[in-house]
Amino acid sequence: MAMSEIKFKKEIEQLIEKRDKIPDEFWVRTDGGKYQTIWFMDRQKPSVKASYDFDEERFGLTKDGKIIWGFDSGCSCPSPWSSSDFGDDSYSVKEWKEFSVTPENAFDADWQDECYKNLQDYLLLIEENLSPEKVLTIKNAEIRRFLIKRVGYENIKEKVNAEVLHQDGHNELLKFANGEMYVKVRDTSTEREYLLFVEGNHKTCKSAIAWTFGLQENEYNPIIES
Amino acid sequence: MKQYRQGDLLFIEAEKFGEDIQLTNSKVVLGSSITGHDHAITEGKVFTHIPKWGDNANFYVEIPIGGAELTHPEHKSIPLSEGIYKVIRQREVNGYVRD
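In order, the protein sequences belong to chains A and B. Sequential numbering from 1 applies to the first sequence in this note's numbering. Sequential numbering from 1001 applies to the second sequence in this note's numbering.
What follows is the structure in structure tokens.
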């Protein structure tokens, strides 16, 4: 068994053991409400379902501590499972101890890499004494948003010596001592606040927000925002 | 060209489709594995598109005569009139996107 595989297994086991610490909002009802699941990997986006067979792969954890995986029979990745393993619902739920084949040896390198990175974000949800700097390394913006609230936005700003370059309502453009630039935005419907890592030399919040959509400041003018 | 934003998606009116689009069999534009919530249109067609130089759309949608609503469980619905829209998903450095 490769070292990375051992590490992967250890981390999954750690997450299973402390899964009660994962907030309710991250457990998604799946397969008609049959399972409450977090997905380390979920490429099953309905919008691309018809186009790319490799978008069917899923791998995650159920709230009762079981590993769940599945993929469509059209999957082109090397796989130890046949589609018949999944019955009609395309999922297989296993106890971790039965799970002898991991994504480490079942799927392609890109899939493994992405799956592993996503797992790291979930591990931070159960970590005690999380540092403000560590929160900024979280890849998933929803998990980052949740943990920024827990650690404290002002606390993070102080720890990384953030300079506020521009304010526009609840939005703030920040430059950290290391040169990184972030824009804090508030979702108008949910009032959730996100800290987004942006590139470029922005002077206004609008310029940074426009960049997140690949546009220049003067090109970004939504007439309705919800 | 009119723009509409719902959460992490920006819809921009377009005169024509981008190249290499693929029709999906769904009215869901984008789903989330974290929240389980979908951005969807009530009528029309959704196409995938791989962003490329000169056209950074992630999706295209076609809204029929009579219009449609853009829906999401956590966001107010937005009415879309007949036409073609390019859809851009919000991103961060290193290609990270809100999920």
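Idealized CB from N, CA, C, for every residue including glycine.
Count the other CB atoms within 10 Å of the CB of residue i; is the residue buried (16 or more) or exposed (fewer)?
i         : result
LYS34/A   : exposed
SER207/A  : buried
LYS1076/B : exposed
VAL135/A  : buried
GLU191/A  : exposed
ARG1005/B : buried
TRP1053/B : exposed
ASN140/A  : buried
THR30/A   : buried
If the criterion is Cβ atoms closer than 9 Å, does the pair residue i and residue j meet it?
i         : j         : result
PHE213/A  : GLN1090/B : yes
LYS1045/B : VAL1061/B : yes
GLY224/A  : ILE1078/B : First, the amino acid is wrong: residue 224/A is Ile here, not Gly. Cβ distance < 9 Å, so ILE224/A and ILE1078/B count as in contact.
ILE1012/B : LYS1086/B : yes
THR227/A  : LEU61/A   : Because residue 227/A is not part of the residues shown, which for chain A are 1 to 226, the question remains open.
THR1048/B : ILE1021/B : yes
ASN171/A  : LYS157/A  : no
GLU11/A   : LEU123/A  : yes
VAL160/A  : GLU193/A  : no
Provide the residue(s) that pair with residue i in DSSP beta bridges, ordered along the chain.
i         : result
LEU61/A   : ILE38/A and ILE67/A
PRO227/A  : Since the first residue of chain A shown is 1 and the last is 226, residue 227/A is not available in this structure.
THR1048/B : GLN1022/B and PHE1059/B
ALA1014/B : ILE1084/B
GLY1031/B : ASP1038/B
ALA1068/B : LEU1080/B
LEU1009/B : GLN1006/B and ARG1089/B
ASP20/A   : ASP20/A is not bridged to any residue.
ARG186/A  : GLU193/A
Could you give the residue range of the alpha helix (DSSP H) that holds residue i?
i        : result
LYS206/A : 205-212
GLU158/A : 153-159
PRO132/A : 132-135
Quick one: measure Cβ to Cβ for residue i and residue j, integer angstroms, because I've assumed they're closer than 8 Å.
i         : j         : result
PHE40/A   : ASN118/A  : 5 Å
PRO1051/B : ALA1057/B : 6 Å
VAL198/A  : TYR182/A  : 7 Å
LEU1009/B : GLN1003/B : Actually they are not in contact, since the Cβ atoms of LEU1009/B and GLN1003/B sit about 11 Å apart, beyond 8 Å.
GLU1069/B : SER189/A  : In fact, because the Cβ distance is near 15 Å, the residues do not count as touching under 8 Å.
Along the chain, where does the beta strand (DSSP E) that runs through residue i open and close?
i        : result
ASN171/A : 171-175
LEU195/A : 193-198
GLU163/A : 163-168
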